[in-house]
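Here the structure is laid out as structure tokens; the discussion comes afterwards.
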Amino acid sequence: MTLTATGFDWVRQLVHRESAIVLAPGKEYLVEARLLPIARQMGLPDVGQFVDSVRTRPSPESTRRIVEALTTNETSWFRDGDPFTALTSTVLPALLSARGPVERLHIWSAACSSGQEPYTIAMLLEDAMPNAGTRVSITATDLSREMVQRTRAGRFSQLEVNRGLPAPMLVRHFTRAGTEWEVAPTLRRMVSASECNLAAPLPRIGPFDVVYLRNVLIYFDLPTKQAILRRVRALMRPDGWLFLGAAETTLGVDDSWERVVIGRCSAYRPLKGA
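Following the working numbering, the numbering of the sequence shown begins with 385 at its first residue and continues without gaps.
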């Protein structure tokens with residue numbers, strides 16, 4: 385028994401209700417591929433039977449597993465590297481000039497996946513600032529409980545470190561841990577990870593000097609994008625900086641931001657009085 389049209393529609397509505405992610409018609413193959421491992425773990429032969437079992441006997445754990453399975457956790461080190469170059473070349477000097485000599489800098493890596501983005505930021509800042517360990521805090525959040533746990537652990541396979549991590553940084557900031565690589569304790573102390581659903585009211589975190597909200601808005605409809613940008617802006621310092629994905633923009637979505645071109649990428653800043 386494969387996934388029926390009724391079963392797909394139920395999954396689509398569940399995922400939208402819990403995460404605001406839009407699964408358009410034609411994504412049945414994605415649902416099948418993502419949910420089949422869970423079905424087999426539960427001793428069921430196919431996705432159709434798994435979905436039917438959850439529909440008739442729903443539980444918070446089973447619905448959470450479905451939603452998390454259908455979120456995208458694609459990531460790598462220094463992914464789309466221009467926003468990281470902009471951080472060290474322009475944003476960090478501006479913030480250090482505007483802040484006092486001991487004032488902490490607060491950075492948010494939203495939708496952090498398994499942790500490559502927040503630890504990329506931590507490595508860059510530790511290399512750029514002699515006192516980064518005591519002056520910078522990085523908040524990493526994700527919808528997925530598994531991704532949050534992986535970020536906290538700070539352990540990565542050889543395959544994962546091969547995806548974009550320069551060899552000198554691997555040597556400086558990681559140690560071998562069996563078959564894996566473990567982030568240095570100084571970096572792990574800079575990063576705190578927790579669960580956060582961007583499509584729901586946000587926790588009381590911040591205020592942030594820099595927010596990385598990259599490759600997230602593309603999964604939402606326009607009203608959800610507007611609501612997320614509004615909530616994020618409320619958690620930022622008035623002179624803060626927002627980085628979106630290369631295919632994302634605030635233009636035509638939320639007029640409360642100023643676009644600033646930095647090299648080959650754009651950053652966004654809250655408009656005064658908005």
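By construction, the Cβ of each residue, glycine as well, lies at the ideal position given by its N, Cα and C atoms.
Residue i: first and last residue of the uninterrupted alpha helix (DSSP H) it sits in
i	result
T523	T523 -> not in any alpha helix (DSSP H); beta strand (DSSP E) instead, spanning 520–526.
E642	Counting along the chain, E642 falls outside any alpha helix (DSSP H), though it belongs to the beta strand (DSSP E) covering 641–646.
I589	That residue, I589, is in no alpha helix (DSSP H); it is neither H nor E in DSSP.
A506	500–512
P654	Element bounds for P654: not the alpha helix (DSSP H) but the beta strand (DSSP E), 649–654.
A584	Looking at the DSSP string, A584 is not in any alpha helix (DSSP H), and its letter there is neither H nor E.
V532	529–537
E544	542–545
P569	569–574
Alpha-carbon to alpha-carbon, residue j and residue i
i	j	result
D466	P569	27 Å
A506	F468	11 Å
L414	T456	11 Å
T523	T474	21 Å
A584	E632	20 Å
L619	P654	11 Å
D464	S443	38 Å
T563	R534	16 Å
G410	T459	24 Å
I589	T386	43 Å
R573	R401	35 Å
P552	W394	48 Å
E566	T388	43 Å
V486	L613	30 Å
C649	S481	22 Å
R539	L571	12 Å
R439	D430	15 Å
L659	A611	There is simply no residue 659 to check, as the chain begins at 385 and stops at 658 in what is shown.
R488	F392	47 Å
E544	R556	17 Å
L354	V637	Absent from the model: residue 354. The displayed extent of the chain is 385 to 658, so no value can be given.
G432	R441	14 Å
Where the beta strand (DSSP E) through residue i begins and ends
i	result
D623	620–628
L489	489–493
R560	558–561
Expected contact under 8 Å - CB spacing of residue i and residue j to nearest Å
i	j	result
S493	Y596	5 Å
F462	G548	5 Å
A470	G629	Actually they are not in contact, since the Cβ atoms of A470 and G629 sit about 14 Å apart, beyond 8 Å.
V594	I491	5 Å
L454	R424	Going by Cβ atoms, the distance from L454 to R424 rounds to 17 Å, so no, they are not a contact pair.
S528	E416	Not a contact, Cβ separation roughly 20 Å.
C580	D639	Contact doesn't hold; Cβ gap of about 25 Å is too wide.
S497	M531	5 Å
A512	L479	Contact doesn't hold; Cβ gap of about 11 Å is too wide.
L398	T472	At roughly 41 Å, the Cβ-Cβ gap does not stay under 8 Å, so L398 and T472 are not in contact.
I422	R396	Contact flag wrong, Cβ pair sits at about 17 Å.
Exposure label - residue i; buried when at least 16 CB within 10 Å
i	result
M426	exposed
E445	exposed
N515	exposed
G657	exposed
Q500	buried
S541	exposed
E510	buried
G484	exposed
A408	exposed
L582	buried
A495	buried
R560	exposed
P502	buried
Neighbour flag for residue i against chain D, beta carbons, 9 Å
i	result
N457	Note that chain D does not occur in the displayed structure, where there is just one protein chain.
Within the stretch 397–483, ranges of the alpha helix (DSSP H) (whole runs, at least 4 residues): 412–425, 431–440, 444–453, 466–470, 476–482
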